[in-house]
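What follows is a set of notes on a single structure, which appears directly below.
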Amino acid sequence: MAIKSILRWGSWPFLFGCCLALFAYGMHIGQPILYFNLAYVFLALTLFFLERFMPHEREWLGADGQLWQDLAHTLSSKGLVQGLLVFGGVIGLSAFLTPAAEAGRGIWPREWPMAAQVILGVVSAEFMLYLAHRMGHRWPPMWAFHAIHHSVKRLWIVNTGRFHFIDSLISIVMALGLLLVLGAPMEVVKWLSAVTAFIGMLTHCNVDMKFGPISWFFNTPELHRWHHSKDLREGDKNFGENIMLWDWVFRSYFNEDRRPPVDIGIKQAMPVAFRHQLMYPFRRNYYHGLRDKRTEKDPHIF
Ligand SMILES: [Zn+2]
Ligand SMILES: [Zn+2]
953 MAIKSILRWG
963 SWPFLFGCCL
973 ALFAYGMHIG
983 QPILYFNLAY
993 VFLALTLFFL
1003 ERFMPHEREW
1013 LGADGQLWQD
1023 LAHTLSSKGL
1033 VQGLLVFGGV
1043 IGLSAFLTPA
1053 AEAGRGIWPR
1063 EWPMAAQVIL
1073 GVVSAEFMLY
1083 LAHRMGHRWP
1093 PMWAFHAIHH
1103 SVKRLWIVNT
1113 GRFHFIDSLI
1123 SIVMALGLLL
1133 VLGAPMEVVK
1143 WLSAVTAFIG
1153 MLTHCNVDMK
1163 FGPISWFFNT
1173 PELHRWHHSK
1183 DLREGDKNFG
1193 ENIMLWDWVF
1203 RSYFNEDRRP
1213 PVDIGIKQAM
1223 PVAFRHQLMY
1233 PFRRNYYHGL
1243 RDKRTEKDPH
1253 IF
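Numbering (this note's numbering), first residue to last: 953 to 1254.
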């Protein structure tokens, strides 16, 4: 059907473009939070309908019993962490660091056009996001936090924000910390937050989309579905959050011309209840199991 073909190829660039345009308008008129929220709700609603109209995996439409846990993790990680950072840490830190940059001592190129500064911000922050994500997979104490995100059995827009809040905190502090140390202005930080939120929801959506060369540059659902594979030859790849540059540089880019597995998740058992999931990385037997059963081939089996 022609309409589905247009939607398959056009949805990702169209939706991402609309969200960027709405946010740019909001920044222009001094209402970034309002327009960010409008764009985010527009994106979520559109993807929610597309997931039902043209799902990538029909099996993933069924309930997995984790809806409230997904929402609770989203609220605790995005809400609490970003709230604290944006209203406390970032503004405080930025007020402290920004004068240094304005006096000509910072190395951030504030004279560049804002679009170029945003691209520079996304590329440089992405290095930290990549590092935090890769450490989350390779370093067992950090994997204990990141495993909450990977324990999902299906991908859809609602588990976009399913992160242990400490997992989110580590990557946000690393990425925003770098930008602020470099002397980036708050506009760049706001743009990075918006881009990360839009791309994050798109990468988790269960919509039958096609990408072609878009996946060379951006983190797309087709790349992120490999990242959620149980098979570490596929799952231990594509660590990029927004762009794939650092996956290319550090040779962790993975995409093949076949369907990624439907049966996604992790090999160890994850508690069902939200509060037990929050405590999961702190359980004592987690580290005992780690020492006894970890194999070199599969660091995720405990
Ligand atoms: Zn991951
Ligand atoms: Zn994911």
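By construction, the Cβ of each residue, glycine as well, lies at the ideal position given by its N, Cα and C atoms.
- Note on geometry: alpha-carbon atoms of G1017 and V1224 lie some 8 Å from one another.
- In this structure V1141 touches L1131 by the C-beta definition: roughly 6 Å separates them, less than 8 Å.
- Proximity of the beta carbon of H1179 to ligand 1 is indicated: a heavy atom of the ligand is located closer than 7 Å.
- For H1089, the shortest separation between its Cβ and any heavy atom of ligand 2 does not lie below 7 Å.
- Separation of the CB atoms of V1104 and G1031 is rounded to 19 Å, and the pair is thereby denied contact status at 8 Å.
- At a cut-off of 7 Å, the beta-carbon of H1098 counts as near ligand 1: some heavy atom of the ligand is closer than that.
- Within the same chain, and ignoring the five residues on either side of L1197 in sequence, the residues whose Cβ sits closer than 7 Å to its Cβ are V1075 and E1078.
- A direct Cα-to-Cα measurement between I1100 and M1094 gives close to 11 Å.
- Put simply, the region 1185-1204 does not touch the region 990-999. Fewer than three CB pairs are less than 8 Å apart.
- With fewer than 16 other Cβ atoms from the protein chains shown falling within 10 Å of its own Cβ, F1234 counts as exposed.
- Under the 8 Å Cβ criterion, the region 970-990 does not count as touching the region 1175-1194, having fewer than three qualifying pairs.
- By DSSP's assignment, I1195 forms a beta bridge with F1170.
- The beta-carbon separation of S1123 and H1156, rounded to 16 Å, does not stay under the 8 Å limit for a contact.
- Proximity of the beta carbon of H1156 to ligand 2 is indicated: a heavy atom of the ligand is located closer than 7 Å.
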